[in-house]
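First residue of the sequence shown? That's 26 in our numbering, and the numbers climb one at a time after it.
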Amino acid sequence: MRVFEYVGNDWIQVGGDIEGGTLADWLGWSVAMSSDGNRIAVGAPQTYGGGSRYGFVRVLDWDAVTSDWVQVGSEVVAEAEGDRAGFALGMSADGTRLAIGAPANDGVAGTNTGHVRVFEWDDVGSDWYQLGADIDGDADYDFFGEAASMSSDGEHIVIGAPYNDAGGTSAGEARIYRWDSTIDTWVQVGASISGAGQSAEAASSVAIAADGGRVAIGSTGDSMSGTGDAVQVYDWDGNQSLWIQAGTTFTGRGNGDIFGASTALARNGGLVAIGAPSAGWGGNTEGYVRLFESSASLAFDLNGGVGGPSTVTGGGASSVALSTTEPTRDGYTFTGWNTAADGTGTSYSGDDPYTLPTSGTDTLYAQWQPVVTVPGSPTAVTATAGDSEVVVSWTAPASDGGSVISSYTVTSSPDNKTCTTTGALTCTVVGLTNATAYTFTVTATNSAGAGAASTASGPVTPVASLVALTQSRLLDTRSGPNDLTIDGSFQGIGRRGAGTTLELTVTDRGG
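Structure, rendered in structure tokens:
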């Protein structure tokens, strides 16, 4: 096996050749690499230590001091003779998790059921230790683990069983698993994805996107009869808990190409590369590779407005800059875009980057804020006079100006005496002069300020309260036949202001 690095305009070998240990090891049948390129895993599924097709996996790190590849930990060996461990490999981006397919393992379900084991690097023990139990195939000759791929975080793996019969004889199927750390178990995600029909041999190759939300599945079965040579891409729909096919089925140039023998997905799932090693003309089998980019779009729902940007189309999972074109709407100000119509999702503004979905269409919704103006004038203002005060009442204005009315202010004329209320539709103006006629206006205030004053109320005149008197002492003195002098004192109930006039009625009862 050899590793190459792109330097300048060419590929340069990094380190020396990585050799197998014995005859017919098939070292390099499968490979996996960490995201930084400093760790590689190499599968040798054919033999180990003189046994027949045990298979093993060797992991190596780049040593900058020696400028060569150095083995990390022990070789991971198959459980039993004939397992062919290392037939398929998957590695996490940081190189600490490793999925190893052994498709010929005789599991609890029968002969050649196959299995996948996941290993994790332990810094303390400086070795690889199995993470969770074996993930086993269903039945005899499923060859589960002939293909495998791992997400970047090592939490998801997709596994192929190309000879599984659930969808028909050798229809094949793929299963996706995630690591559940709460129970230390690999748990299947959604239902198995079966091949299109008998002999399709689906999941002869598999690939998974970095986040585990998209998988590619190659079917390379009875291609001469037209049931193989195809690749489908599936997306995880969390709302339905289903794997949904994304886009159309990819097919090769013709039967016999073995189109889909190998597949690879870009990290974001927006590109898929598909190999067809048996394609050729005139008896030649040059083979070919095709790359496909998923198409996705972003639509804009104006949410009652007009004049917004046009739909944006691009490669799946690609990044686009949002248009600075802003829609308009009478009586409203545009405040931006949101992934939810009611504004409860993620907000975006013009020129912000937006990542398109891996396929299909996303929608952003225009968000609006009513244009706030001062409120209208209160109506139906009435005034009721008291002693040095007037109680004023009114009806709220027809329009609040797009903002909650925070207060009302009543003003008298004359004297400009005021009172303020924060919500009630009545207020008492005090400190008025009795026997003076007053009118009153009311203004409403919101966040934009105070609106116009209302029409004035009708005039009212405050008056002093009447005083009820009770006799305390009363003497009369007659100075003449028509004269009466009253001398006494009184006690009053209520209020009596300066200038109050007291009225005394005298009734002559004769004598």
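Backbone N, C-alpha and C define an ideal beta-carbon position, used for all residues, glycine too.
(request) Identify every run of the beta strand (DSSP E) within the region 153 to 227, keeping only runs that are complete inside it and at least 3 residues long; order them along the chain. (result) Secondary structure remark: continuous beta strand (DSSP E) runs of at least 3 residues inside the region 153 to 227, in chain order: 172 to 175, 181 to 186, 198 to 205 and 210 to 213.
(message) Considering only their Cβ atoms, is the gap separating Ile269 from Gly285 smaller than 8 Å?
(response) Walking along the sequence shown from the start, residue 285 turns up at place 260. Walking along the sequence shown from the start, residue 269 turns up at place 244. At the C-beta level, Gly285 and Ile269 stay beyond 8 Å of one another.
(request) Please determine, among Gly426, Thr447 and Asp425, the residue with the shortest C-alpha to C-alpha distance to Ser432. (result) Counted from its first residue, the sequence shown places residue 432 at position 407. Scanning Gly426, Thr447 and Asp425 for the CA closest to the CA of Ser432 turns up Thr447.
(message) In the DSSP output, what is Ile65 paired with across the bridge?
(response) The residue you call residue 65 lines up with position 40 of the sequence shown. Ile65 pairs with Met58 and Leu85.
(message) Please list the terminal residues of the continuous beta strand (DSSP E) segment that includes Leu123.
(response) Position 98 of the sequence shown, counting from 1, holds the residue named residue 123. Per DSSP, Leu123 belongs to the beta strand (DSSP E) from Arg122 to Ala127.
(message) Taking the beta carbon of Ser497 as the centre, do at least 16 other beta carbons fall within 10 Å, making it buried, or is it exposed?
(response) Indexing the sequence shown from 1 puts residue 497 at position 472. Because Ser497 sits at a pLDDT of 48, beneath the cut-off of 50, its placement in the model cannot be relied upon, and the following sentence gives the value as read from the coordinates. Exposed is the call here.
(message) Assess contact between the region 387 to 400 and the region 352 to 364, defined as three or more Cβ pairs (one per stretch) separated by less than 8 Å. Is contact present?
(response) Yes, the region 387 to 400 is in contact with the region 352 to 364.
(message) Looking only at its chain, what residues have a beta carbon closer than 6 Å to the beta carbon of Ile430, apart from the 5 residues adjacent to it on each side?
(response) In the sequence shown, the residue the question calls residue 430 occupies position 405. Cβ within range, chain order: Pro400, Ala469 and Asn471.
(message) What does the Cβ neighbour count give for Val67, buried or exposed, with the cut at 16 atoms within 10 Å?
(response) The sequence position of residue 67 within the sequence shown is 42, counting from 1. When all chains shown are included, Val67 counts as buried.
(request) Go ahead and label Phe29 buried or exposed: buried means 16 or more other beta carbons lie within 10 angstroms of its beta carbon, across all protein chains shown. (result) Locating residue 29 in the sequence shown gives position 4, counting from the first residue. Exposed, since its Cβ has fewer than 16 Cβ neighbours within 10 Å.
(message) Taking the beta strand (DSSP E) that Thr464 belongs to, which residues open and close that run?
(response) Locating residue 464 in the sequence shown gives position 439, counting from the first residue. Taken as a continuous stretch (DSSP letters only), the beta strand (DSSP E) holding Thr464 covers Thr464 to Asn471.
(message) By DSSP's criteria, Ser230 is part of a beta bridge. Which residues make up the other side?
(response) By 1-based counting over the sequence shown, the position of residue 230 is 205. Here Ser230 is bridged, per DSSP, to Gly243.
(request) Determine, using beta-carbon pairs with one atom in the region 347 to 354 and one in the region 224 to 237, whether at least three such pairs fall under 8 Å. (result) The region 224 to 237 and the region 347 to 354 do not touch, with fewer than three beta-carbon pairs separated by less than 8 Å.
(message) Tell me which residues share the same chain as Ser402 and place their Cβ nearer than 7 Å to its Cβ, disregarding the 5 neighbours each side in the sequence.
(response) Stepping through the sequence shown from its first residue, residue 402 is reached at position 377. Taken in chain order, the residues that qualify are Pro422, Gly476, Ala477, Ala478 and Ser479.
(request) May I have the straight-line CA-CA distance separating Asp93 from Val337, to the nearest angstrom? (result) In the sequence shown, the residue the question calls residue 93 occupies position 68. In the sequence shown, the residue the question calls residue 337 occupies position 312. Each residue's alpha carbon lies about 47 Å from the other.
(request) Give the straight-line distance between the Cα atoms of Gly79 and Gly126, rounded to the nearest whole angstrom. (result) Along the sequence shown, read from residue 1 onward, the residue named residue 79 stands at position 54. Along the sequence shown, read from residue 1 onward, the residue named residue 126 stands at position 101. Correcting the residue identity first, residue 79 is Tyr in this sequence and not Gly. Just so you know, the alpha carbons of Tyr79 and Gly126 end up roughly 12 Å apart.
(message) Can you find the residues in the same chain that come closer than 7 Å, C-beta to C-beta, to Ala405, ignoring five residues on each side of it along the sequence?
(response) Walking along the sequence shown from the start, residue 405 turns up at place 380. Counting only Cβ-Cβ distances below 7 Å, and skipping sequence neighbours, we find Trp419 and Thr420.
(request) Could you check what DSSP says for Ala110 in three-state terms: helix, strand or coil? (result) Residue numbering aside, residue 110 sits at position 85 when the sequence shown is read from its first letter. If DSSP states are grouped into helix, strand and coil, Ala110 belongs with the strands.
(request) Assuming Val314 and Thr288 form a contact by the criterion Cβ under 8 Å, report the distance between their Cβ atoms to the nearest whole angstrom. (result) Walking along the sequence shown from the start, residue 314 turns up at place 289. Walking along the sequence shown from the start, residue 288 turns up at place 263. That belief does not hold up - the Cβ atoms of Val314 and Thr288 are roughly 10 Å apart, past 8 Å.
(request) Output the boundary residues of the beta strand (DSSP E) element that contains Phe416. (result) Sequence index remark: in the sequence shown, residue 416 carries index 391 (1-based). For clarity, residue 416 is Val in the given sequence; the question names Phe instead. For Val416, the enclosing beta strand (DSSP E) has its first and last residue at Glu414 to Thr420.
(request) Give, in chain order, every unbroken run of the beta strand (DSSP E) that is at least 3 residues long and sits entirely within the region 276 to 359. (result) Fully enclosed beta strand (DSSP E) runs of 3 or longer: 287 to 290, 296 to 301, 313 to 318, 320 to 326, 337 to 340 and 344 to 346.
(request) Kindly indicate which three-state DSSP category Ala391 falls into: helix, strand or coil? (result) If you number the sequence shown from 1, residue 391 lands on position 366. Taken through DSSP and simplified to helix, strand or coil, Ala391 comes out as strand.
(message) For a quick check, are the C-beta atoms of Ala225 and Val297 less than 8 Å apart?
(response) Within the sequence shown, numbered from 1, the residue matching residue 225 stands at position 200. Within the sequence shown, numbered from 1, the residue matching residue 297 stands at position 272. Contact flag unset, no.
(message) Between Thr371 and chain C, is any beta-carbon pair separated by less than 8 Å?
(response) This model lacks chain C altogether; it includes just one protein chain.
(request) Apply the 10 Å Cβ neighbour rule to Glu198 and answer buried if 16 or more other Cβ atoms are within range, or exposed otherwise. (result) Residue numbering aside, residue 198 sits at position 173 when the sequence shown is read from its first letter. It is buried - the Cβ of Glu198 has at least 16 other Cβ atoms within 10 Å.
(request) Could you tell me the distance, in whole angstroms, from the CA atom of Ala271 to the CA atom of Val258? (result) Numbered from 1 along the sequence shown, position 246 holds the residue referred to as residue 271. Numbered from 1 along the sequence shown, position 233 holds the residue referred to as residue 258. Looking at the two C-alpha atoms, the distance is approximately 6 Å.
(request) Could you tell me which residues DSSP pairs with Met26 in its beta bridges? (result) Stepping through the sequence shown from its first residue, residue 26 is reached at position 1. DSSP output for Met26 lists no bridge partner at all.
(request) List the whole-angstrom C-beta distance separating Ala110 from Ala103, where the pair is believed to meet the contact cut-off of C-beta under 8 Å. (result) The residue labelled residue 110 in the question sits at position 85 within the sequence shown. The residue labelled residue 103 in the question sits at position 78 within the sequence shown. Contact between Ala110 and Ala103 holds, since their C-beta atoms are separated by about 3 Å, short of 8 Å.
(request) May I ask you to report which of helix, strand or coil DSSP gives Thr434? (result) Reading the sequence shown from its first residue, position 409 is the one you call residue 434. If DSSP states are grouped into helix, strand and coil, Thr434 belongs with the strands.
(request) Specify whether the region 365 to 384 and the region 405 to 417 touch according to this definition: at least 3 beta carbon pairs, one from each stretch, less than 8 Å apart. (result) Cβ pair count under 8 Å is below three, so no.
(message) On the CB-based measure, 16 or more other CB atoms within 10 Å of its CB, does Asp425 come out buried or exposed?
(response) As a working mapping, residue 425 is identified with position 400 in the sequence shown. Under a 10 Å Cβ-count criterion, Asp425 is classified as buried, with 16 or more other Cβ atoms of the shown protein chains found around its own Cβ.
(message) Helix, strand or coil for Pro378? Go by DSSP, reduced to three states.
(response) The sequence position of residue 378 within the sequence shown is 353, counting from 1. Pro378 falls in the strand class under three-state DSSP.
(request) Can you give me the start and stop residues for the beta strand (DSSP E) that Thr273 sits inside? (result) Within the sequence shown, residue 273 is the residue found at index 248, counting from 1. In the DSSP assignment, Thr273 falls outside any beta strand (DSSP E) and carries neither an H nor an E.
(message) Mapping the DSSP letters down to three states, classify Arg142 as helix, strand or coil.
(response) Position 117 of the sequence shown, counted from the start, is the residue given in the question as residue 142. Arg142: strand per DSSP, three-state reduction.
(request) Drop a sphere of 10 angstroms on the beta-carbon of Arg27, count the other beta-carbons inside from all chains shown, and report buried for 16 or more, exposed for fewer. (result) The sequence position of residue 27 within the sequence shown is 2, counting from 1. By the neighbour-count criterion, in which 16 or more other beta carbons inside 10 Å mark a residue as buried, Arg27 falls on the exposed side.
(request) Compare the C-alpha of Leu156 against each of Val133, Val39 and Asp209 and name the closest. (result) The sequence position of residue 156 within the sequence shown is 131, counting from 1. Closest by alpha carbon: Asp209.
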